[in-house]
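Residue numbers (my numbering): 17 to 529.
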Amino acid sequence: MRHDSIIILDFGSQYSHLIARRIRELGVYCELHPCTIKAAELHAMEPKGIVLSGGPYSVYEDGAPHADPALWDFGVPMLGICYGLQEMSRAHGGEVAASEKREYGHAELKIQTAEPLFKGLPEHIQVWMSHGDKVLSLPDGFSDIARTSNSEHAAVCDPRRNWFGIQFHPEVSHTPMGKTILENFVCGVCGCARDWTMGSFLEETIERIRQTVGESETVIGAVSGGVDSTVAAVLMHKAIGSRFHAILVDNGVLRMKEAEQVMARLRDRMGINLHLIDAGETFMKKLYGVTDPESKRKIIGNTFIEVFEIEAKRIGDVNYLLQGTLYPDVIESVSFKGPSATIKTHHNVGGLLEDMELKLIEPLRELFKDEVRALGLELGLDEESVYRHPFPGPGLAIRILGEITRDRLEILRHADHIYMGELKEAGLYRDIGQAFAVLLPVRSVGVMGDSRTYEQVIALRAVQTTDYMTADWYPIPTEVLKRISNRIINEVRGVNRVVYDVSSKPPSTIEWE
Ligand code: GLN
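Encoded structure:
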């Protein structure tokens, strides 16, 4: 089934991916492409509308990106946002120049013509501005449909061609009615059906996987217990059953009972053909005595590939490697700012691909994280695994600062288990982006039962974040912190102090190593 779709041309704005998310939230399929894409290529995609994004450049400066001139004959409705508006105006004889006043932040938009873009909105709305240039004179055929005190052409329209331009950003949350504006464009002006649901995605993707993999070929893929690899694995299993081999590598630095839980969930409950490789010894031998964080990461990454490769070769005769690549990775690699053609490979399996002549299969590459979660629920996964906090590939190795020993692993596992349990008990887990315990490489003095102790310190980390690029430390209520601290000190042997991390990212990172 072909979905009605919108194409967003990315002129490099930091908000471009947000436009895509907002449109997907409306239930309409959309894709982001570099602004320099040829109109002929776009034709093949048959979009029902085109959005031109914002961008950091000035349309009149040398080297500024421009759309393929053939785009203007495309014949579908268009919406230019900020740079997109300026580009649309410049290309048709309008005048764009640096404004005397840069405008950054809230502004009040006064709507002059409600239909069709501002349908259903009050006459005055709050919008978010972020520009230094402005359109001074409009091209022929355009007229103003809204203004602010600073921009008389804050929203314009060429009704003959169904082209719209807005100087503000409807995709950010600081424009509270922005979603209605996008909806009016996408569903109203372009007439897109809202048929992009995870239910339809599921059916179509299973069909597509079957066609790609055929009747007899096989697929392997690593699972970690994280939401992306779990959803990808369940999807693959639904499509081709036991011709999909999932591999779970127990690297010895997983959390308490983690491998067992993944086995119970994916093999016992979902029936996935799951191979558990108990490689704890192999990893621990190599990690012995290592304290440098980068070395820990490298050792774990390389050993993972070795172990995975041995198992892949043992299974033999495999044709595809499953990867849980998501849309943000894809966008990053095609975006106008960062034209690096290669897509991030998780766990660096590039060598493996060549060695075994495997082809990549990436069924989630069109999805955003929240869509992957919705798909997981659609696939019948429990909420616990769908909303699990991210867990790094090097596992507890980078949460034990300093040397990793079995004793220290035991301490951290136990403390982390108590911490997670209490957060869930208090109903805070879902509200927090990521939480975990860290074992510090220092000892501190304490007193227990009248005698002096000299023992280890646990730090608790919890952050609130939407994209993991920036994060604020999360204010866990004092009573909950008290309970966590009491339990850890009483129940985990070898710990006599618990501290709480109150740093945000940046300048701190979420993980400590
Ligand atoms: N660089 C252009 C300006 O300053 C466009 C900014 C944008 O698209 N956010 O006006």
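Don't be surprised by glycine CBs; every beta carbon is placed ideally from N, CA and C.
Classify residue i as helix, strand or coil using the three-state DSSP reduction.
i    : result
V92  : coil
R477 : strand
R404 : coil
S21  : strand
K135 : coil
H147 : strand
A36  : helix
N364 : Reliability of the predicted coordinates at N364 is poor, the pLDDT of 49 falling under 50, and the value obtained from them is presented with this limitation in mind. N364: helix per DSSP, three-state reduction.
I288 : coil
D208 : First, the residue type needs correcting, since residue 208 is Cys and not Asp in the sequence shown. C208: coil per DSSP, three-state reduction.
E529 : coil
N502 : helix
S189 : coil
N166 : coil
Q472 : strand
Y31  : coil
S69  : coil
M464 : strand
E77  : coil
S258 : helix
R283 : helix
L376 : strand
S159 : strand
R226 : helix
Q242 : Sequence inspection shows Gly at residue 242; the Gln mentioned does not correspond to that position. Three-state DSSP puts G242 in coil, outside helix and strand.
I315 : helix
C173 : strand
Quick check on residue i: buried or exposed, where buried means 16 or more other Cβ atoms within 10 Å of its Cβ?
i    : result
V518 : exposed
V515 : exposed
K150 : buried
T525 : exposed
Q339 : buried
I331 : exposed
A280 : exposed
R513 : buried
N200 : buried
S32  : buried
N289 : buried
A123 : buried
F27  : buried
L152 : exposed
A86  : exposed
M94  : buried
Y343 : buried
N364 : Low confidence applies to N364: its pLDDT is 49, below 50, so where it sits in the model is not reliable, and the reading given next is rough at best. N364 should be labelled exposed.
V463 : exposed
V143 : buried
F485 : Looking at the sequence shown, residue 485 is not Phe but Met. It counts as exposed.
Return the residue from the list the options that minimises the CA-CA distance to residue i.
i    : options                   : result
K64  : G305, V44 and A56         : V44
D244 : L380, R313 and W144       : L380
M193 : L125, K117, T421 and K301 : L125
V205 : V402, I347 and N178       : N178
P382 : T307, I347 and D78        : The residue you asked about is not Pro; residue 382 is Glu in the sequence shown. Comparing Cα positions, the closest option is I347.
I127 : D160, K498, P155 and Q102 : D160
H19  : L25, E62, R37 and I35     : E62
L133 : L456, S146, T196 and S460 : T196
I492 : I448, I427, V461 and L101 : I448
E527 : P309, Y445 and C98        : P309
L439 : R404, G418, V463 and G465 : R404
Give a single yes or no on whether residue i has its beta carbon closer than 7 Å to a heavy atom of ligand 1.
i    : result
P72  : yes
Y484 : no
D149 : yes
S29  : yes
S189 : no
C98  : yes
S146 : yes
Q102 : yes
Could you tell me whether any non-hydrogen atom of ligand 2 is closer than 7 Å to the CB of residue i?
i    : result
A248 : Because ligand 2 does not appear in the structure shown, any question about it cannot be addressed here, the ligands present being ligand 1.
Flag this pair as touching only if the segment 260-270 and the segment 402-414 have three or more C-beta atom pairs under 8 Å; answer yes or no.
Verdict: yes, contact present.
contact_flag[the segment 464-471, the segment 438-453] where n(CB pairs < 8 Å) is 3 or more
Contact annotation: the segment 464-471 does not touch the segment 438-453, with fewer than three C-beta pairs closer than 8 Å.
Quick check: the segment 52-71 against the segment 164-177, are at least 3 beta-carbon pairs closer than 8 Å?
Because the criterion of three Cβ pairs below 8 Å is not met, the segment 164-177 and the segment 52-71 do not touch.
Assess, as a yes-or-no matter, whether the segment 387-405 is touched by the segment 210-217 under the definition of 3 or more beta carbon pairs within less than 8 Å.
When C-beta atoms of the segment 210-217 are compared with those of the segment 387-405, three or more pairs fall below 8 Å, so the two segments count as touching.
Below 8 Å, can you find three or more Cβ-Cβ pairs linking the segment 308-328 to the segment 472-489?
Below 8 Å, too few C-beta pairs join the segment 308-328 and the segment 472-489 to call them touching: fewer than three.
State whether the segment 307-317 contacts the segment 411-424, with contact taken as three or more CB pairs (one from each stretch) at a distance under 8 Å.
Three or more Cβ pairs drawn from the segment 307-317 and the segment 411-424 lie within less than 8 Å of each other, which places the two stretches in contact.
Does the pairing of the segment 394-404 with the segment 225-232 give three or more beta-carbon distances under 8 Å?
In short, these stretches do not touch, since the Cβ pair count stays below three.
Kindly confirm or deny that the segment 239-259 and the segment 295-303 touch, where touching means at least three C-beta pairs closer than 8 Å.
No: the two stretches stay apart, fewer than three of their Cβ pairs being nearer than 8 Å.
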